[in-house]
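K.L.:
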Amino acid sequence: MKTFLVLLFLMPPIAQSGPIHYLYYGNMYGHLHQGPSSYSDSLKSLTCGDRVQLIQDKSGVTTEFSRFSWVKIKYGPNEGFIRAEFLDKSKPKCFQAKYIKFFNQFKIELNDVFTWGRLYDQYVTGSSKVR
Amino acid sequence: MFIRFSLILLLLTTFSFAGDRLGEGRKKADAEIFTDFKAIKEVLENDQLSNNVKKIQNGRIAQQKKKLNKEIKSYDIPGKNEFWKFMSELWVVQNISKLKWNFEKPDYGLDDYFARFLEDLGYYEIKFKVLLLDTSLVTHFALPTSGRDALFLLSVPFIRVMDLSKLEISILMLEDYMRSNLGQFKKKVTPKGLTELLGSNFYKKKLDMGIFNGVLQNYSKLVFNTGFNFEEQFAVTKQMQGMLHGKLKYWKSYMTLLGKISNLVKGNVVYKDYNKIYPSPELQINWLKPKKEIL
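From first to last, the protein sequence lines stand for chains A and B. Note that the numbering used here has the first sequence beginning at 169, numbered continuously upward. Note that the numbering used here has the second sequence beginning at 12, numbered continuously upward.
#1: When you compare only the Cα positions, how much space is there between threonine 267/B and leucine 259/B?
#2: Does the segment 195 to 214 of chain B come into contact with the segment 167 to 181 of chain B, if we say contact requires no fewer than three beta-carbon pairs (one atom in each stretch) closer than 8 Å?
#3: Quick one: which chain A residues come within Cβ less than 8 Å of tryptophan 112/B?
#4: Regarding threonine 248/B and the ligand PLP, is the C-beta to nearest heavy atom distance less than 7 Å?
#5: Between glutamine 221/A and chain B, is there a C-beta pair that is closer than 8 Å?
#6: Could you run through the segment 267 to 279 of chain A and flag, in chain order, every residue whose CB is less than 9 Å away from some CB of chain B?
#7: Say whether chain A places a C-beta atom closer than 8 Å to the C-beta of proline 168/B.
#8: Could you check where the alpha helix (DSSP H) with serine 213/A kicks off and where it finishes?
#9: Using 8 Å as the threshold, is the segment 234 to 251 of chain B in touch with the segment 272 to 290 of chain B, meaning 3 or more CB pairs across them?
#10: Compare the beta carbon distance of phenylalanine 263/A and glycine 194/A with 8 Å and say whether it is the shorter of the two.
#11: So asparagine 192/B is in the alpha helix (DSSP H); what residue range does that whole segment cover?
#12: Got a sec? Which residues, its chain only, sit under 7 Å from isoleucine 222/B by beta carbon, not counting five neighbours each side?
#13: Could you compute how far the alpha carbon of phenylalanine 163/B sits from the alpha carbon of lysine 84/B?
#14: Does the beta carbon of aspartate 219/B come closer than 8 Å to any beta carbon on chain A?
#15: Between the segment 146 to 164 of chain B and the segment 105 to 120 of chain B, can you find at least three pairs of beta-carbon atoms closer than 8 Å?
#16: Anything in chain B within Cβ reach of tyrosine 207/A, meaning under 7 Å, just list it in chain order.
#17: If distances are taken between C-alpha atoms only, which option among Phe114/B, Leu101/B, Asp131/B and Asp118/B comes closest to glutamate 277/A?
#18: Just checking: is the beta-carbon of valine 104/B within a distance shorter than 8 Å of some beta-carbon in chain A?
#19: Would you say alanine 126/B reaches chain A, if we count a Cβ-Cβ gap shorter than 8 Å as a contact?
#20: Which residue wins for smallest C-alpha separation from leucine 165/B, given the options Arg159/B, Lys140/B and Asp219/B?
#21: What is the DSSP secondary structure of leucine 275/B, counted as helix, strand or coil?
#22: On the DSSP bridge assignment, give the partners of alanine 153/B in chain order.
#23: Given a cut-off of 8 Å, decide if leucine 255/B and tyrosine 265/B are closer than it, judged by their beta-carbon atoms.
#24: Within the same chain, show all residues whose beta-carbon is closer than 6 Å to that of threonine 248/B, passing over the 5 residues directly before and after it, in chain order.
#25: Could you please give the first and the last residue of the uninterrupted beta strand (DSSP E) stretch that includes isoleucine 88/B?
#26: Skipping 5 residues on each side, what residues in its chain have a beta carbon closer than 6 Å to that of phenylalanine 284/A?
#27: In chain B, what lies closer than 8 Å to arginine 251/A by C-beta?
#28: Could you work out which residues of chain B lie near glycine 294/A, taking near to mean beta carbons separated by less than 7 Å?
#29: Does any residue of chain B have a CB that is nearer than 8 Å to the CB of phenylalanine 254/A?
#30: Just to confirm my understanding: we take phenylalanine 213/B, look at its own chain, exclude 5 residues before and 5 after, and list those with CB closer than 7 Å. What are they?
#31: Should serine 191/B be flagged as near chain A, meaning a C-beta pair shorter than 8 Å?
#32: Which residues mark the beginning and the end of the alpha helix (DSSP H) in which tryptophan 298/B is found?
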């Protein structure tokens, strides 16, 4: 009995939390930014298909997720911001994975990976409505 | 008394003897059945074994086939939509030093304005990306991408020097979009042998990377040097005329835009090579003006 109580005391506390939202990065490459701006410093590079965790605020409500907003996410040990439109609810069919042998022939270097990630931050994107 | 006792003893002995005999018979019958079942059981067991072996073998073959199919699929070459999107982005990434797109810029509100402009002209469900450039080396282009979508390059110095309005910028991008729809860019950058490769598979074959590197070289040649010819410009201009003629506001803006570009090319040495890429705004104005009747 004593052993059981000791073990119970030593167990980590089970935090009260709401549902954890996981999303997937949808572009070829990308960046996790320090702040909600395309020009803020990059904390980490992302690749298509990487899973990120949507961060909940103190009240347990997830950050507002709309096409035009920036969302705060956690990727590994890093927390930062990314444009909401770059994230998908399900794992996308990534070009690099789908055409892996073809893609590898181009021998994309690390600095190209970084630059490619910056490219999506620089796009001005839009679409005309559905009829 | 004695006789009665003897009779009972005799009867008991007889029943006991009979019972034993009967038990022996049952045991013999059971033994016979058991022996037969043993024989059948072996057969049954062998059957199950062979079935299981077949199942496992079939399962292994199916797994190997699945693995092989996955391996073959990894050698797929993308189809035309995914290919052109990939190549355009790769080219833009590789030419960042010339295109100068990685700079901080204000929000010009182009996304909403151009979207409404497209809707007004009946272009629905078009996704577009605009990449603003901090160079006058490249003025404006629409690069090939997937399906009906659009990827625009637009020089900020170019639009600033002429003080273009959002409408004029939209019309400029529309002209590039028309050019893209006519397939002019793709036609000029596609080397021999590329079309057959797209959507195919190169499992156990050598992929000729010369073809794909050739595409990237052709992109650079077209954008920085050769541009489009008169015939191609005429085709686009006529398309624009058909598109905008019914909308007076847009038509007037198009004529104003061409006038501004024409004056810029004549008066600004930085844009002296514009006619090499897009010949020539002055000619375009002439093509669009109504012909004067000689009475």
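Idealized CB from N, CA, C, for every residue including glycine.
P.N.:
Working from what's here:
#1: The residue you call residue 267/B lines up with position 256 of the second sequence. The residue you call residue 259/B lines up with position 248 of the second sequence. Spanning the two alpha carbons is a distance of roughly 12 Å.
#2: no
#3: Position 101 of the second sequence holds residue 112/B. Within 8 Å Cβ-Cβ: Leu287 and Gln290.
#4: Absence of the ligand PLP from the depicted structure is noted, as is the absence of any ligand whatsoever, leaving it without description.
#5: Against the first sequence, residue 221/A aligns to sequence position 53. No - not a single Cβ of chain B is within 8 Å of the one on glutamine 221/A.
#6: Tyr267, Ile268, Lys269, Phe270, Phe271, Gln273, Phe274 and Ile276
#7: Residue numbering aside, residue 168/B sits at position 157 when the second sequence is read from its first letter. No, no contact with chain A.
#8: In the first sequence, counting from the first residue as 1, residue 213/A sits at position 45. Here serine 213/A belongs to no alpha helix (DSSP H); instead the beta strand (DSSP E) covers 210 to 215.
#9: yes
#10: The residue you call residue 263/A lines up with position 95 of the first sequence. The residue you call residue 194/A lines up with position 26 of the first sequence. No, the Cβ-Cβ distance between phenylalanine 263/A and glycine 194/A is not below 8 Å.
#11: Taking the second sequence and counting its residues from 1, the one referred to as residue 192/B is at position 181. Counting along the chain, the alpha helix (DSSP H) containing asparagine 192/B begins and ends at 177 to 192.
#12: Locating residue 222/B in the second sequence gives position 211, counting from the first residue. If we look at isoleucine 222/B and ignore the five residues flanking it on each side, its Cβ neighbours are Pro202, Gly204, Leu205 and Leu208.
#13: Locating residue 163/B in the second sequence gives position 152, where the first residue counts as 1. Locating residue 84/B in the second sequence gives position 73, where the first residue counts as 1. If you take the alpha carbons of phenylalanine 163/B and lysine 84/B, they lie about 33 Å apart.
#14: Taking the second sequence and counting its residues from 1, the one referred to as residue 219/B is at position 208. No, aspartate 219/B does not count as interfacial toward chain A.
#15: yes
#16: Translated into the one-based positions of the first sequence, residue 207/A becomes position 39. Going along chain B in sequence order, the residues near tyrosine 207/A (Cβ under 7 Å) are Glu115.
#17: Position 109 of the first sequence, counted from the first residue, corresponds to residue 277/A. Considering only alpha carbons, the answer is Leu101/B.
#18: By 1-based counting over the second sequence, the position of residue 104/B is 93. Chain A, which has a Cβ nearer than 8 Å to the Cβ of valine 104/B, makes this yes.
#19: In the second sequence, residue 126/B corresponds to position 115, counting from 1. At least one chain A Cβ lies under 8 Å of alanine 126/B.
#20: Sequence index remark: in the second sequence, residue 165/B carries index 154 (1-based). Comparing Cα-Cα distances from leucine 165/B to each of Arg159/B, Lys140/B and Asp219/B, the minimum goes to Lys140/B.
#21: Position 264 of the second sequence holds residue 275/B. In the structure shown, leucine 275/B sits in a helix (DSSP, three-state: H, G or I).
#22: The sequence position of residue 153/B within the second sequence is 142, counting from 1. DSSP, once it has assigned bridges, lists Phe163/B as partnering alanine 153/B.
#23: Within the second sequence, numbered from 1, the residue matching residue 265/B stands at position 254. Within the second sequence, numbered from 1, the residue matching residue 255/B stands at position 244. Yes.
#24: Taking the second sequence and counting its residues from 1, the one referred to as residue 248/B is at position 237. Same-chain partners within the cutoff: Gln295 and Trp298.
#25: Numbered from its first residue, the second sequence carries residue 88/B at position 77. Note, isoleucine 88/B: premise wrong, no beta strand (DSSP E); not H, not E.
#26: Reading the first sequence from its first residue, position 116 is the one you call residue 284/A. The question names phenylalanine, yet the displayed sequence has tryptophan at residue 284/A. So the list reads Met196 and Tyr197, once near-sequence residues are dropped.
#27: One-based indexing of the first sequence puts residue 251/A at position 83. The premise fails here: arginine 251/A is roughly 13 Å from chain B at the closest Cβ pair, so nothing lies under 8 Å.
#28: For the purposes of this step, residue 294/A is taken as the residue at position 126 of the first sequence. Near glycine 294/A (Cβ distances below 7 Å), the residues of chain B are Asp122, Asp123, Phe125, Ala126 and Phe139.
#29: In the first sequence, counting from the first residue as 1, residue 254/A sits at position 86. Not an interface residue.
#30: Within the second sequence, the letter at position 202 stands for residue 213/B. If we look at phenylalanine 213/B and ignore the five residues flanking it on each side, its Cβ neighbours are Tyr86 and Ile88.
#31: Position 180 of the second sequence holds residue 191/B. So no, serine 191/B is outside the interface.
#32: Position 287 of the second sequence, counted from the start, is the residue given in the question as residue 298/B. Its alpha helix (DSSP H) spans residues 292 to 299.
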